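Down below is the structure, laid out as structure tokens.
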Amino acid sequence: MNQALQTTSESQTQPHNNVFLATPDSPVDQFIQFLGRKRYLIFIAITALYLLGFSTVWIPGPDSAQHLIYAKHIINNTIHPYAHSVTDPLSPALAYIIAANHYIFGPDHYLTTTLITMLAITSLTLTIAYRFFLTCSNRGTATLLLLMLASCETFYRYAFQILADLPFLLGMVITLHASQRYQLKIKNQYLNLAYLALGLITMIAFRSVALVAASAIFLTLIAYLINQKRYKTLIFAGLGSFIAIMSLRFIAAGTAAFGLLPDEQILFDRLTNGLPNTLSNLFYVNLPRILTETTTEAFFAFDLDPTSSFIACLPLVVYSLLLFRVNKLWGFMITMFATLWLLFLVVDRYYLAILPLLMIAWYLPVTWIDRNRSAKLGKLALIGALCIFLIPNLIYDGRFIAQRHTANFIHEYKGGRFEPVYELADWLKTNTPPNAIIVTSRDTSLIISYLSDRTTYHKFRPHKSTSHYYLAGPISDKVYRQISKENAIISDVIYTTKSSKDVYEVRKIILSIAP
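Quick note, the sequence shown lines up with residues 38 to 552 if you use this note's numbering.
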């Protein structure tokens with residue numbers, strides 16, 4: 038592995054090479070030293086920023102509702118209704134955290150305490166991220182990188198949501214910190230390896246894509262062994278990694294360890310029978326999203342036209358790939374996650390997994406310009422890099438804070454998109470039997486399920502356990518065809534609510550033959 042830096046203690050680090058250092062006494066260096074001296078004021082400002090953004094109102098979303106539903110079934114000791122499907126969380130740690138809050142604080146307060154728990158996880162993530170940055174650089178640079186990470190609108194926004202992505206990032210920064218400590222031989226190496234294992238286990242507990250991070254570590258090890266011509270060790274490393282991965286799958290999936298898990302089956306299908314469609318989607322959908330839309334939204338917090346977005350994000354993409362020259366593990370981490378997004382889906386919150394590395398990638402060219410061109414250009418590069426990044430992110434952070442503390446958050450959030458969903462869920466909870474099955478749209482299915490305490494599907498699936506079926510919301514033609522195949526009768530509209538975009542109409546489905 039590349040050893041980018043060297044340190045004698047974690048409290049006062051000295052870089053092994055000058056990639057993080059500006060020219061001594063240059064404006065960039067003076068600014069960095071100033072941040073190092075004022076770091077505690079920066080820490081206080083970051084704390085205030087997050088306290089301002091905190092609210093006890095749940096931010097609705099399908100993935101968040103998924104974990105809340107899972108937790109509800111853990112609490113009630115009932116079978117999860119979406120077990121063995123893609124909507125079943127493969128890494129249930131967040132659901133158990135929610136359930137623990139329910140057991141400790143009761144049904145009236147568990148949502149609030151879960152949001153507080155997420156804020157505590159955010160605080161721990163930022164703390165360890167700072168320690169990681171400190172092993173890479175000096176105090177001033179670590180403080181600047183921490184400020185950038187904390188103010189990034191994507192990181193900030195998801196700190197207040199009940200999603201597994203930010204706890205997954207906690208595992209990632211532990212892993213990055215541990216690997217850096219191991220490379221620099223900080224303290225006991227066995228403790229560093231145990232710390233590394235803790236990071237991997239944390240990632241596995243919250244998201245199944247932890248194997249992507251493990252693969253990046255494995256590829257880094259392979260590159261190191263090849264460079265050292267240690268081929269015998271390479272063979273044993275390969276066998277050991279295979280055994281470790283299969284053991285982790287056994288822990289995650291129990292007796293189904295050697296069968297394909299749902300997301301693995303999807304990946305297998307996309308790389309075999311669905312390969313033509315996968316390649317088409319890669320080049321015509323996901324790659325353009327990375328280069329012209331999602332990267333700028335996730336990192337810079339602004340939404341531009343495709344051409345401007347491409348111009349803005351291209352330097353970041355290039356800088357990220359250049360991290361291979363600083364630390365191979367960092368380069369492999371970014372490359373492996375980007376590859377996964379290209380094969381599956383590109384979403385802004387997926388960038389959380391590599392945000393600390395993107396902060397480093399965005400900052401390093403400033404010091405390179407300062408050292409290799411001139412102090413004046415370095416100063417301009419620093420001002421430009423920080424303005425392009427900090428100004429839009431802080432503006433969006435402020436907008437998010439204002440939105441969080443409005444009198445009716447659901448009415449303001451995403452233009453009131455979820456307001457009729459709340460009204461619909463409330464009606465269903467009051468006017469349908471507890472064992473009713475609701476057929477609704479894919480986008481709102483899990484949210485309605487959580488809010489109404491009813492089982493919902495975006496497909497029509499008759500069950501022997503009930504004869505109470507309802508259509509609720511905008512329904513696709515495919516669902517109507519499924520209902521017609523069952524010789525079912527659809528009643529007249531019995532309830533209606535609507536937003537500016539969608540109309541939610543409730544109808545009862547009557548089976549001609551009892552299931």
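For glycine and all other residues, C-beta sits at the position ideal for the given N, C-alpha and C.
No experiment lies behind these values; they were computed from the predicted model shown.
*Contact between the segment 316-325 and the segment 358-365: three or more CB pairs below 8 Å?*
no
*Out of 476, 533 and 165, which has the shortest C-alpha to C-alpha gap to residue 520?*
476
*Could you tell me which of 488, 332, 381 and 246 sits nearest to residue 346, measuring between CA atoms?*
332
*To the nearest angstrom, how far is it from the Cα of residue 437 to the Cα of residue 334?*
14 Å
*Helix, strand or coil: how does DSSP classify residue 121 here?*
For residue 121, the predicted model reports a pLDDT of 44, less than 50, meaning its position is unreliable; a value from the coordinates is still stated below. Looking at residue 121 - three-state DSSP - the assignment turns out to be coil, as it is neither helix nor strand.
*What number of angstroms, rounded off, separates the C-alpha of residue 395 from the C-alpha of residue 419?*
16 Å
*asked:* Which same chain residues end up closer than 8 Å to residue 450 when comparing Cβ atoms and leaving out the 5 residues on each side of it in sequence?
replied: 96, 97 and 440
_Cα-Cα separation, residue 80 to residue 131_ = 27 Å
*asked:* According to DSSP, simplified to helix, strand and coil, what is residue 456?
replied: helix
_Using C-beta distances below 8 Å, list every residue in its chain close to residue 99, excluding the 5 sequence neighbours before and after it, in chain order._
480, 481, 482, 483 and 484
*How many angstroms separate the CA atom of residue 179 from the CA atom of residue 147?*
35 Å
*Quick one: what's got a C-beta closer than 8 Å to residue 463's C-beta in the same chain, skipping five residues either side?*
488 and 489
_Could you compute how far the alpha carbon of residue 341 sits from the alpha carbon of residue 357?_
21 Å
_For residue 185 and residue 250, believed in contact at Cβ under 8 Å, the rounded distance_ = About 22 Å; that fails the 8 Å criterion.
*Which full runs of the beta strand (DSSP E) of 3+ residues lie inside the segment 468-512, going along the chain?*
474-476, 492-494 and 506-509
*Out of 421, 413, 387 and 381, which has the shortest C-alpha to C-alpha gap to residue 399?*
421
_residue 462 (DSSP reduced to helix, strand or coil)_ = helix
*Select from 314, 351 and 313 the residue whose C-alpha is nearest the C-alpha of residue 330.*
351
*Roughly how many angstroms separate the alpha carbons of residue 86 and residue 416, rounded to a whole number?*
27 Å
_Selected residue, minimal CA-CA separation from residue 233, among 392, 219, 245 and 404_ = 219
*Can you name the start and end residues of the beta strand (DSSP E) that residue 547 belongs to?*
540-548
_Rounded to the nearest angstrom, what separates residue 492 and residue 110 at their Cα positions?_
12 Å
*asked:* Report the start-end ranges of each alpha helix (DSSP H) in the segment 391-441 that is 4 residues or longer and not cut off at the edges.
replied: 392-409 and 412-441
*By a C-beta neighbour count over all protein chains shown, 10 Å radius and 16 as the cutoff for buried, is residue 191 buried or exposed?*
buried
*Would you list the residues sitting across from residue 109 in a DSSP beta bridge?*
Residue 109 is not bridged to any residue.
*Do residue 197 and residue 90 come within 8 Å of each other at the CB atom, strictly closer than that value?*
yes
*Look at residue 248 and residue 307 and say whether their C-beta atoms are less than 8 Å apart.*
no
*Output the boundary residues of the alpha helix (DSSP H) element that contains residue 196.*
Residue 196 -> no alpha helix (DSSP H), and no H or E assigned at all.
_I'd like to confirm the pairing. Which residues does DSSP put opposite residue 151 in its beta bridges?_
None, per the DSSP bridge assignment.
*Does the separation of the CB atoms of residue 175 and residue 154 fall below 8 Å?*
no
*asked:* For a minimum of 4 consecutive residues, which ranges assigned as the alpha helix (DSSP H) are wholly contained in the segment 191-279?
replied: 202-221, 226-243 and 247-265
_Nearer than 7 Å: is that true of the beta carbon of residue 350 relative to any heavy atom of the ligand PLP?_
Within the structure as shown, the ligand PLP is missing, as the structure has no ligands at all.
_Contacts around residue 472, its chain only, beta-carbon distance under 6 Å, and the 5 residues preceding and following it disregarded_ = 503
*Taking 8 Å as the cut-off, decide whether the C-beta atoms of residue 56 and residue 407 are in contact.*
no
*Run through DSSP, which three-state label would residue 526 get?*
strand
_Bridge partner(s) assigned by DSSP for residue 534_ = 541
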